[in-house]
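Using this note's numbering, you'd call the opening residue of the sequence shown number 214 and step up by one each time.
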Amino acid sequence: QICAETTHVLPLLQQYTDESPPGRAPPPDGALPCRAARLYCPRRPRHPWEAEFHAMVRTIVGLDIGGTKFAVVEGTLTGDILAREQQPTLGQEGFEGTFARLCGCVGAALRAARAEGRQPLALSVSIGGPLDTARGIIYSPPNLPGWDAVPLKDLLEARFGLPAHVQHDGAAGALAEWQWGAGRGLQN
Numbered sequence: 214q215i216c217a218e219t220t221h222v223l224p225l226l227q228q229y230t231d232e233s234p235p236g237r238a239p240p241p242d243g244a245l246p247c248r249a250a251r252l253y254c255p256r257r258p259r260h261p262w263e264a265e266f267h268a269m270v271r272t273i274v275g276l277d278i279g280g281t282k283f284a285v286v287e288g289t290l291t292g293d294i295l296a297r298e299q300q301p302t303l304g305q306e307g308f309e310g311t312f313a314r315l316c317g318c319v320g321a322a323l324r325a326a327r328a329e330g331r332q333p334l335a336l337s338v339s340i341g342g343p344l345d346t347a348r349g350i351i352y353s354p355p356n357l358p359g360w361d362a363v364p365l366k367d368l369l370e371a372r373f374g375l376p377a378h379v380q381h382d383g384a385a386g387a388l389a390e391w392q393w394g395a396g397r398g399l400q401n
């Protein structure tokens with residue numbers, strides 16, 4: 214079974230993915246999901262408007278924040294990584310210094326994505342606990358000195374104007390394996 218801590222993420226995952234609805238066959242190999250039209254279009258456009266429609270690739274910007282490094286990754290809704298940057302966390306900087314550098318990387322990733330015609334939909338954060346995943350508050354993780362009651366979700370949403378989702382790193386890894394990896398198609 215999916216752990217209770219991650220169940221609130223499943224509707225978000227469904228909202229941002231283009232999987233076939235229950236009862237409908239998956240798209241054929243080589244097809245692009247066309248969510249707006251609720252049909253599947255071949256990769257080679259048949260109509261002039263299809264090329265423009267598919268040019269706007271929807272992505273998620275992921276943040277993996279740990280005690281030794283943080284990474285900012287832009288990926289497609291099907292799990293393909295398009296861009297990645299990694300920097301040391303530098304615990305002696307505390308929250309303010311690390312958050313400033315992290316935001317610099319996120320801003321650069323968003324600008325690059327938009328310049329290349331991609332549409333980032335949300336920010337997704339993977340971070341160690343303790344934390345309140347529903348409210349996105351980080352409570353003094355032992356590997357991140359100075360991150361005391363940090364409202365990370367609210368700070369990121371205010372800074373970048375995108376919805377932000379915060380998840381415990383262990384649960385985020387399990388959810389990713391369930392969606393795209395070794396656990397795909399399994400119920401428990």
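Beta carbons are placed, not taken as given, at the ideal position from N, Cα and C, and that holds for glycine. Computed from a prediction, not measured in an experiment: that's the story for all the values here.
Item                                                                                                                                           : Value
Throw me the rounded Cβ distance for the LYS282 and THR302 pair, which I believe falls under 8 Å.                                              : 6 Å
Measure the C-alpha to C-alpha separation of SER461 and ARG348 and round it to an integer number of angstroms.                                 : Because the chain in this structure spans residues 214 to 401, residue 461 falls outside the shown range and cannot be described.
Could you spell out the range, first to last residue, of the alpha helix (DSSP H) harbouring THR311?                                           : 307 to 328
With DSSP collapsed to three states, give me the class of ARG372.                                                                              : helix
On the three-pair Cβ rule with 8 Å, is the stretch 355 to 368 touching the stretch 289 to 297?                                                 : no
Beta-carbon within less than 7 Å of ARG257's beta-carbon, same chain only, minus the 5 sequence neighbours each way: which residues are those? : In this predicted model, ARG257 has a pLDDT of only 44, less than 50, meaning its place in the structure is not dependable enough to derive any value.
How far does the alpha helix (DSSP H) with GLY341 in it reach, from first residue to last?                                                     : Counting along the chain, GLY341 falls outside any alpha helix (DSSP H), and DSSP gives it neither H nor E.
Assign LEU399 to buried or exposed, taking buried as 16 or more other Cβ atoms, counted over all protein chains shown, within 10 Å of its Cβ.  : exposed
Straight-line CA distance for PRO354 to ARG327?                                                                                                : 33 Å
With distances taken Cα to Cα, identify the nearest neighbour of ILE350 among GLN380, GLU287, GLU329.                                          : GLN380
Tell me the residue span of the beta strand (DSSP E) that contains LEU388.                                                                     : No beta strand (DSSP E) contains LEU388, which is instead part of the alpha helix (DSSP H) from 382 to 393.
Can you tell which of ALA325, ARG314, ARG331, GLY292 has its C-alpha closest to the C-alpha of ARG271?                                         : ARG331
For LEU295, name the three-state secondary structure that DSSP assigns.                                                                        : strand
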